[in-house]
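Asks:
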Amino acid sequence: MPTTTKLQLWELRAEFALRLATLYGNEVPAYNTLVDVSREVNEDFIRRNGQDAERLGSVQRVTAERHGAIRVGSHRELAQVARIFAAFGMHPVGFYDLRDASKSSVPVVSTAFRPIDPEELARNPFRVFTSMLAHDDRRFFDEETQQHLETFIGARTLFSDELLELADRTAREGELDQHDAERLLELATSAFKLSAAPVDHDWYFKLEGISAVAADIGGVPSTHINHLTPRVLDIDDLYARMEARGITMIDEIQGPPNWEGPDILLRQTSFRALAEERSFRYADGEVRPGSLRVRFGEVEQRGIALTETGRNLYDRMVAEVDSWLAASPAGTPRAEIAEQVWRRNLPSTEQELALQGLAHFTYRVADPAPAPRTGSASLRNLVETGVLVPEPIVYEDFLPRSAAGIFQSNLTDDGCRDDGQIGTPYDIDRLSDVLGRRIFDPNELYSAQRSASLAEAQRILGITITDIQSNL
Ligand code: OOG
Ligand code: NI
């Protein structure tokens, strides 16, 4: 009799990421080039940096690591997406309002589905940035367009009942036999395949006049992966190698600059959207070929997660770079200014980032264990005397400004918005209601990891650490 080993959610997640990559690579061959170059960059980085290269994730994790981006049109569709990702152990984390993070017309609110436990992240950290069209936001859509959007989106089926029910069962049982796993993967992957169905020309381009993102979501009868992003250990090297291959990247790397101190948060860059063949149905009923540019290649480098204090400092630094840049001669590279702002404001070592409460770390008791202590000690004392070793927690989330920058740099046109109107209010709680499940606060997840490590350290050392809560 064949043995029927069941697949765990992380195995399903890893396989889902692989299948989406195969699908996307077939649809957008430039993605395969990006993955090849990313691999070269990572291999060289590991050769140059040895053990240190794995400080923010094992080679195995980083090599397999991808994030995807998808876009859906309604509350109903977003709630369905949440059910599907739950089957892969991916939960909603973080709220991003790109409507306000961007000057051009990006009428979406977003969250990211990802594993939340450190062991699950280490096994496979696949995450998907998921945006929902704010179809009722008057700044972008008048009443007639809103109604047409709702009718159009309401009439389509992105995910079959079979997929949704199988996903629910998988999430409930936490594992799946081979046969059902094959079916789940096939249905889930094909839901994100670019459809060959003709696009209604006039409706699509009416929406594109308002927002290219709205057209990509509400102007087509199905959904698709917008991009799939590999992770590199040296994004400047990647950028240079892609340009050397003749692939034009967007003007700059988004997020923090390259500098000699610790990498924080997230750095991202992308190449321009590529023209892809699509067929259009015209008002006279005829179907003719054409092309659309909506999908692009993106790559990222991840750094250390910041605490709330650190994040506030980051936001202040970004604002400082902005105002300095505005006052500089045209053509001054943003990165040059940012590097100086970073040097002036951020400590240049991981240890100080940790001890000043700016970034999230876990703390490990040194090996061999130090002589037993009694009473209490400060975290600073324990770290400076080598009793506790801080280990960085990698940033697993996204940055709204970079996300908006990536959206924006890939739009041919700003679209239009009327800021005289009042926008639909959305926040993490309202979007949780839409999803029918709680969206996790990323900061709480990182803090919980830090606290658990400190509680364990107190237990091992038999002492009280006096300043656990300070600075966070
Ligand atoms: C999502 C853009 C945001 C990122 O990496 O910040 C994003 C989209 O284009 O749908 O993926
Ligand atoms: Ni992305």
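Add 27 to a position in the sequence shown, counting from 1, and you land on the number used in this note's numbering.
Cβ atoms here follow ideal geometry from the backbone N, Cα and C, with glycine treated the same way.
Just so it is clear, the structure is predicted and the values come from calculations on it, not from any experiment.
#1: Can you tell me which of E335, G282 and I244 puts its alpha carbon nearest to the alpha carbon of I262?
#2: I want to know whether the region 403–415 touches the region 212–222 - three or more CB-CB distances under 8 Å.
#3: Determine which residues share a DSSP beta bridge with R322 and list them.
#4: Between the Cα of S480 and the Cα atoms of W369, V99, D207 and T389, which residue gives the shortest distance?
#5: Quick check on L212: does DSSP put it in helix, strand or coil?
#6: Quick check: the region 157–177 against the region 462–477, are at least 3 beta-carbon pairs closer than 8 Å?
#7: Please identify the residue among R150, R308 and N253 whose C-alpha is closest to the C-alpha of T157.
#8: Is the separation between the beta-carbon of P316 and that of R308 shorter than 9 Å?
#9: Just verifying my parser: in three-state terms, what is the DSSP assignment at M28?
#10: Where DSSP assigns a beta bridge to I291, which residues make up the other side?
#11: Within its chain, find whatever has a CB closer than 7 Å to the CB of M28; leave out the 5 residues flanking it on each side and keep chain order.
#12: Note the first and the last residue of the continuous beta strand (DSSP E) segment covering I97.
#13: Out of curiosity, what's the CA-to-CA distance linking G312 and L319?
#14: Touch check for the region 42–49 and the region 215–223: three-plus C-beta pairs under 8 Å?
#15: Can you list, in chain order, the residues of its chain whose CB lies under 7 Å from that of F115, leaving out five sequence neighbours each side?
#16: Between W286, L255 and Q328, which has its C-alpha nearest A300's C-alpha?
#17: By Cβ distance below 6 Å, which residues in the same chain neighbour D264 in space, the five residues on each side in sequence not counted?
#18: Return the Cβ separation of Y453 and V136 in integer angstroms, given the expectation that the two are a contact with Cβ distance under 8 Å.
#19: Where does H162 fall in DSSP's three states?
#20: From E81 to P142, what does the alpha carbon distance come to, in whole angstroms?
#21: With distance defined between alpha-carbon atoms, name the residue in P257, R444, R338 and F112 nearest to G201.
#22: For S101, which of T178, W369 and P374 has the nearest alpha-carbon?
#23: If you reduce the DSSP assignment to three classes, tell me which class A41 lands in.
#24: Do G384 and T491 come within 9 Å of each other at the CB atom, strictly closer than that value?
#25: Determine contact between the region 329–341 and the region 441–461, defined as no fewer than three beta-carbon pairs at a distance below 8 Å.
#26: Looking at L426: is its Cβ nearer than 9 Å to the Cβ of L340?
#27: Considering only C-alpha positions, which residue in the set T493, I180, R428 and S429 is nearest to N408?
#28: How about S420 and R477: are their beta carbons less than 9 Å apart?
Replies: Reading off the structure:
#1: Taking the sequence shown and counting its residues from 1, one reaches residue 262 at position 235. Taking only the C-alpha atoms, the option nearest I262 is G282.
#2: Judged by Cβ distances under 8 Å, the region 403–415 makes no contact with the region 212–222, as fewer than three pairs qualify.
#3: Locating residue 322 in the sequence shown gives position 295, counting from the first residue. DSSP output for R322 lists L301 as bridge partner(s).
#4: Here residue 480 refers to the residue found at position 453 of the sequence shown. When only C-alpha atoms are compared, the closest one is T389.
#5: By one-based count along the sequence shown, residue 212 stands at place 185. DSSP places L212 in the helix class (H, G or I) of the three-state scheme.
#6: No, because fewer than three Cβ pairs between the region 462–477 and the region 157–177 fall closer than 8 Å, the two stretches do not touch.
#7: Along the sequence shown, one-based indexing puts residue 157 at 130. T157 has its Cα closest to that of N253, out of R150, R308 and N253.
#8: As a first step, residue 316 must be located in the sequence shown, where it is residue number 289. As a first step, residue 308 must be located in the sequence shown, where it is residue number 281. No; because the gap between Cβ atoms is not below 9 Å, this pair is not in contact.
#9: Translated into the one-based positions of the sequence shown, residue 28 becomes position 1. Confidence is the limiting factor: at M28 the pLDDT is only 46, short of 50, which leaves the residue's position unreliable and the question unanswerable from this model.
#10: Residue numbering aside, residue 291 sits at position 264 when the sequence shown is read from its first letter. Within the DSSP bridge table, the entry for I291 names I331 as partners.
#11: In the sequence shown, counting from the first residue as 1, residue 28 sits at position 1. Residue placement at M28 cannot be trusted, given a pLDDT of 46 that sits under 50; the coordinates are not used to answer.
#12: The sequence position of residue 97 within the sequence shown is 70, counting from 1. I97 -> beta strand (DSSP E) spans R93 to V99.
#13: By one-based count along the sequence shown, residue 312 stands at place 285. By one-based count along the sequence shown, residue 319 stands at place 292. G312 and L319: Cα-Cα distance of roughly 20 Å.
#14: The region 42–49 is in contact with the region 215–223.
#15: To locate residue 115, count along the sequence shown from 1; it is residue 88. Closer than 7 Å at Cβ, skipping near neighbours: L36, L39, R40 and F43.
#16: For the purposes of this step, residue 300 is taken as residue 273 along the sequence shown, with counting starting at 1. That would be L255, whose Cα lies nearest to the Cα of A300.
#17: Along the sequence shown, read from residue 1 onward, the residue named residue 264 stands at position 237. Closer than 6 Å at Cβ, skipping near neighbours: V68.
#18: Here the question's residue 453 lines up with position 426 in the sequence shown. Here the question's residue 136 lines up with position 109 in the sequence shown. Going by Cβ atoms, the distance from Y453 to V136 rounds to 5 Å, so yes, they are a contact pair.
#19: Counting from 1 along the sequence shown, the entry for residue 162 is found at position 135. Secondary structure of H162 (DSSP, three-state): coil.
#20: Indexing the sequence shown from 1 puts residue 81 at position 54. Indexing the sequence shown from 1 puts residue 142 at position 115. Those two C-alpha atoms are separated by around 20 Å.
#21: The sequence position of residue 201 within the sequence shown is 174, counting from 1. Of the candidates P257, R444, R338 and F112, the one whose C-alpha sits nearest the C-alpha of G201 is F112.
#22: Here the question's residue 101 lines up with position 74 in the sequence shown. Per the Cα distances, T178.
#23: In the sequence shown, the residue the question calls residue 41 occupies position 14. If DSSP states are grouped into helix, strand and coil, A41 belongs with the helices.
#24: Start at 1 with the first residue of the sequence shown, and residue 491 comes out as number 464. Start at 1 with the first residue of the sequence shown, and residue 384 comes out as number 357. With respect to the 9 Å criterion, T491 and G384 are not classified as neighbours on the basis of their beta carbons.
#25: Result no; under three Cβ-Cβ pairs closer than 8 Å.
#26: What you label residue 426 is simply residue 399 of the sequence shown in a count that begins at 1. What you label residue 340 is simply residue 313 of the sequence shown in a count that begins at 1. Inclusion of L426 and L340 in the CB contact set at 9 Å is not warranted, their separation being larger than that value.
#27: Walking along the sequence shown from the start, residue 408 turns up at place 381. Nearest C-alpha to N408 among T493, I180, R428 and S429: T493.
#28: Along the sequence shown, one-based indexing puts residue 420 at 393. Along the sequence shown, one-based indexing puts residue 477 at 450. In the sequence as displayed, the identity of residue 420 is Ile instead of Ser. Yes, the Cβ-Cβ distance between I420 and R477 is below 9 Å.
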